[in-house]
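When we follow numbering that gives the first Met the number 0, the leftmost residue of the sequence shown carries the number 0, and every step to the right adds one. Idealized CB from N, CA, C, for every residue including glycine.
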Amino acid sequence: MAPLRKTAPIGVFDSGLGGLTVFKTLARRMPEESLVYFGDTAHVPYGSKSPEAVTRYSVAVARFLAAKGIKLLVVACNTSSAVALPAIRRAVEVPVVGVIEPGARAALSVTHGGRIGVIGTEATMSSGAYPRALGALGARVKTVSQACPLFVPLVEEGWWRGRVTETVARRYLAPLRRARVDTLILGCTHYPYLKPVLARVMGARVRLIDSAEETALQTESALEKIGLRASSGRRGRRDFYASDAPERFRRLARRMLGYAVPQVKLHAFDS
Ligand code: DGL
């Protein structure tokens, strides 16, 4: 591998559009860094697929981004971070930052009663990755997990608030309310868009954890540790790829980022 340069981009990968929540935070915190985003729109949703399929898709995307000369890879997708991180780390030579450990860390920094709720896709919840990450950080906490598969389509449809979304949220979150969690990890890329609804349903005393900030912090410190932070002064490049329907990606990205994405390039995989 050629030596990595400070000006090389950071790769950001998600199953689709949701990872733009992490992209947006990275771009705001580190405007001088170049970012190349890949949405695997041909295979989304990952959340209802087997760990084997998610791993296969994730490794293919990671290799594609590595070939673009990235200096670090952020796996913004919770499902991929939950089931495929070891395989991704074996497949590429650059440092890899996932979103599970940063989310767990952020939850531990705010919980006051040690009762942590976790919501995410079916695959993330059945992997047990969040309780494991909390345990690995030495925490003695009670966790209550709940898969919320309807949240992703609701967000992509633009139904970020309103009666239907609130009804769905009340039903999914009832067990977490009964368990009186004091902190709720939003363990899926899309859920930050539902924050106002989730906050209303859970009540003001429950802290909502969106791992994007903590992930950006870890990315920053990982780059500093290897001496590869871009110099400030010039704004970095922003590149976007999707494995299917780039125009749809572009349309939804505008809504999710709050600004227009100039171009989304298509890169289709064989499978
Ligand atoms: N990006 C996925 C996650 O964070 C949600 C969408 C999907 O199921 O692929 O888990």
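Per DSSP, what kind of secondary structure is GLN217 in: helix, strand or coil? In the sequence shown, the residue the question calls residue 217 occupies position 218. In the structure shown, GLN217 sits in a helix (DSSP, three-state: H, G or I).
Could you give the DSSP three-state label for SER144: helix, strand or coil? In the sequence shown, the residue the question calls residue 144 occupies position 145. SER144 falls in the strand class under three-state DSSP.
Near THR164, what residues of its chain come up, given a Cβ to Cβ distance below 6 Å and the 5 sequence neighbours on each side ignored? As a working note, residue 164 is residue 165 in the sequence shown. LEU153, TRP158 and VAL196, listed in sequence order.
Those residues which DSSP pairs with LEU265 across a bridge: Reading the sequence shown from its first residue, position 266 is the one you call residue 265. LEU265 has ALA241 as its beta-bridge partners, per DSSP.
Less than 7 Å between the CB of SER242 and some heavy atom of the ligand DGL, yes or no? Residue numbering aside, residue 242 sits at position 243 when the sequence shown is read from its first letter. Of the heavy atoms belonging to the ligand DGL, none sits nearer than 7 Å to the Cβ of SER242.
Which whole-angstrom value describes the C-beta separation of ILE99 and SER80, a residue pair presumed to lie in contact below a C-beta threshold of 8 Å? Taking the first residue of the sequence shown as 1, we reach residue 99 at position 100. Taking the first residue of the sequence shown as 1, we reach residue 80 at position 81. ILE99 to SER80, Cβ: 5 Å. Contact.
When a residue counts only if its C-beta is closer than 7 Å to some heavy atom of the ligand DGL, which residues count, in chain order? Taking each Cβ in turn, the ones that pass are ASP13, SER14, GLY15, GLY17, GLY18, VAL43, PRO44, TYR45, GLY46, SER47, CYS76, ASN77, THR78, GLY119, THR120, THR123, VAL151, CYS187, THR188 and HIS189.
Which residue from TYR258, ASP243 and ALA128 puts its Cα closest to that of GLY38? The residue given as residue 38 occupies position 39 in the sequence shown. Taking the Cα of GLY38 as reference, the smallest distance to any Cα among TYR258, ASP243 and ALA128 is reached at ASP243.
Measure the alpha-carbon distance for THR78 versus VAL263 and round it to whole angstroms. Translated into the one-based positions of the sequence shown, residue 78 becomes position 79. Translated into the one-based positions of the sequence shown, residue 263 becomes position 264. Spanning the alpha carbons of THR78 and VAL263 requires a straight line of approximately 23 Å.
Can you tell me whether ILE87 is helix, strand or coil according to DSSP? As a working mapping, residue 87 is identified with position 88 in the sequence shown. Reduced to three states, the DSSP call for ILE87 is helix.
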